[in-house]
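Participant: Next up is a structure, given as structure tokens.
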Amino acid sequence: MGRPGWQDGTVLREETLEPGGLASSPHPATRLPRDCVPASSCCGLLASSAENMSRPPECLLRLRRGAPRQRVCTLFIISFKFTFFVSIMIYWHIVGEPRGQREFSNLPADVPCPRLGPPTLLSSTPPPGNIFFLETSDRTNPNFLFMCSVESAARAHPGSRVVVLMKGLPGGNASLPRHLGLSLLGCFPNVHLLPLDLEELFRDTPLAAWYAARQRRWEPYLLPVLSDASRIALLWKFGGIYLDTDFIVLKSLQNLTNTLGTQSRYVLNGAFLAFERHHEFMELCMHDFVAHYNGWIWGHQGPQLLTRVFKRWCSIRSLDESHACRGVTALPCEAFYPIPWQDWKKYFQEVSPEELQRLLKATYAVHVWNKKSQGTRLEATSRALLAQLHARYCPTTHEAMKMYL
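Quick note: the sequence shown, position 199, residue 199 per UniProt numbering, numbers continuous.
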């Protein structure tokens, strides 16, 4: 998926752009005394000086004696900022919880499949030309949509290596965690697991300094932004195809080079990317990532970044003007995003085989918008669109779903 980023974050970004933060400004009528610094600065002075502990600063006394309208506005601003901060913390705590641990707590660690054997754990860096999936959190228990994404890619590309990079996997000769998802991926000899070393990935790229500084500060969209950075660095270093872990692949993607997908008439999306090694477009994306960095706006480092760079690349002001220039192509919405994020519930509604065929005739892979759909119950045996996609394009995962859900 597959934010996103996400997971798949993400992944909803794009025109999916949801408010990543609210800016607040004092009421026009609010006025502090000229010789008085803002209340937040007074509080800082109060904390830093032992002498001030015995008596409130003069500015706070004046503020307390000020007009009721001033006091109400100031208290409202302080309360709003505090409430916003607490809301972000609660949201991040919920989103950051390892949902897979709850979903798979009662599932077996192994699953039977036609070709037995553990997934291959590569010890070297990935060779170019692979299909990549990323897990930038410490989770090592893929959910069923993650499994389906990898399985569908492996089935559509039997002669290619499908590399799953997971930050939580142990390095060296350590054994893999025992989990149903990792066991199921062992059914496919072209699926390989690789520990994700972010410091090594960003080394010798414009993102190295950003990553070193990022570890010292908190941000509300840490994992989606980390995924955005990882995918462009990965394709610049090695080349190949990147997919979010909430995609279901319908056909081979190997004929797509230096290509990305259009999510809507206004924005591109990085849930699918296919680029040659050291391509200039990916390098420009890394430079823009750092130069215009803002981790407080959802999608700013992902869909918005790709859209900004593509417009500069093609010297256009609107995506309507061009979908291909200078060797880079932005495929139309139906190629990867046939159902817009606003209509994500359609994946859980029944469709006839004829409707399914008509919907997907021009589609390479389907983005399921996991950021919206996660937690929605899917009956594996139903005629829902998503259940039919599972049955057709990731049958091994589908059988496991029918058995254990």
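For every residue, glycine included, the Cβ atom is placed at its ideal position computed from N, Cα and C.
1. Below 8 Å, how does it come out for the region 255-270 and the region 323-337: are there three or more Cβ pairs, yes or no?
2. Can you name the start and end residues of the alpha helix (DSSP H) that Ala-335 belongs to?
3. With DSSP collapsed to three states, give me the class of Ala-153.
4. Could you tell me whether the Cβ atoms of Thr-205 and Lys-167 are closer together than 8 Å?
5. To which residues does DSSP link Met-282 through a beta bridge?
6. Between the alpha carbons of Leu-268 and Gln-304, how many angstroms are there, rounded?
7. Do you know how far the Cα of Thr-74 is from the Cα of Glu-283?
8. For the alpha helix (DSSP H) containing Glu-354, list its first residue and its last residue.
9. Where does Leu-250 fall in DSSP's three states?
10. So, is Pro-353 buried or exposed, given that buried needs 16 or more other C-beta atoms within 10 angstroms?
11. Quick check: what's the CA-CA separation for Val-249 versus Arg-155?
12. What's the call for Arg-203, buried or exposed, on a 16-neighbour Cβ count within 10 Å?
13. Within 10 angstroms of the Cβ of Val-142, are there 16 or more other Cβ atoms? Answer buried if so, exposed if not.
14. Beta-carbon separation of Trp-344 and Ser-373 under 8 Å?
15. Alpha carbon to alpha carbon, what distance is there between Ile-232 and Phe-336?
16. If we count the other Cβ atoms within 10 Å of its Cβ and call it buried at 16 or more, is Ala-23 buried or exposed?
Facilitator: Taking the structure as given:
1. yes
2. 333-336
3. helix
4. no
5. DSSP, once it has assigned bridges, lists no residue as partnering Met-282.
6. 7 Å
7. Those two C-alpha atoms are separated by around 45 Å.
8. Counting along the chain, Glu-354 sits inside the alpha helix (DSSP H) bounded by residues 353-360.
9. The answer is coil: DSSP assigns Leu-250 none of H, G, I, E or B.
10. Under this definition Pro-353 is an exposed residue.
11. 9 Å
12. exposed
13. Reading off the sequence, residue 142 comes out as Pro, not Val. The residue in question, Pro-142, is buried, as its Cβ has 16 or more Cβ neighbours within 10 Å.
14. yes
15. 18 Å
16. Low confidence applies here, because Ala-23 scores a pLDDT of 40, under 50, leaving its location unreliable; read the following figure in that light. In summary, Ala-23 is exposed, with fewer than 16 beta-carbon neighbours lying within 10 Å of its beta-carbon over all protein chains present.
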